[in-house]
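Chemist: Provided herewith is a single structure, encoded as structure tokens, for subsequent inquiry.
Set out below in structure tokens:
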């Protein structure tokens, strides 16, 4: 039976590939695929953003090799960045509540 972390890793890989390669190259996300992924899988984050160009900005930041698409390695950097922000929020909430059981992970 996979551990909780192994399950999380599997989910990350499966979510990426569910959206990748429908329009562009196999194993990469186009801008439209990235938008669809974020609308479906990170809707709380998107709704919390006030910048209407957030997808364009994220795409520009993620596309490290400049090919106009986001590969898995580039996508993982988004997940890592959001996870770091959520963990910081988690720690702040934990200080207030003094109980990890009553703290939510997401600040958006």
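Numbering (my numbering), first residue to last: 9 to 116. Ideal placement from N, C-alpha and C gives every residue a C-beta, glycine not left out.
Any chance you could list the beta strand (DSSP E) runs of at least 3 consecutive residues sitting entirely within the stretch 19–53, in chain order?
Modeler: none
Chemist: Just to confirm before moving on: does the CB-CB distance between residue 47 and residue 37 stay below 8 Å?
Modeler: Translated into the one-based positions of the chain shown, residue 47 becomes position 39. Translated into the one-based positions of the chain shown, residue 37 becomes position 29. No, these two residues do not count as a Cβ contact at 8 Å.
Chemist: State the beta-bridge partners of residue 79 as determined by DSSP.
Modeler: Locating residue 79 in the chain shown gives position 71, where the first residue counts as 1. Paired residue(s): 36.
Chemist: Can you grab the Cα-Cα spacing for the pair residue 80 / residue 94, in whole Å?
Modeler: By 1-based counting over the chain shown, the position of residue 80 is 72. By 1-based counting over the chain shown, the position of residue 94 is 86. When rounded, the separation of the alpha-carbon atoms in residue 80 and residue 94 is 21 Å.
Chemist: Which residue wins for smallest C-alpha separation from residue 76, given the options 33, 9 and 19?
Modeler: For the purposes of this step, residue 76 is taken as the residue at position 68 of the chain shown. Of the listed residues, the one whose Cα sits closest to residue 76 is 33.
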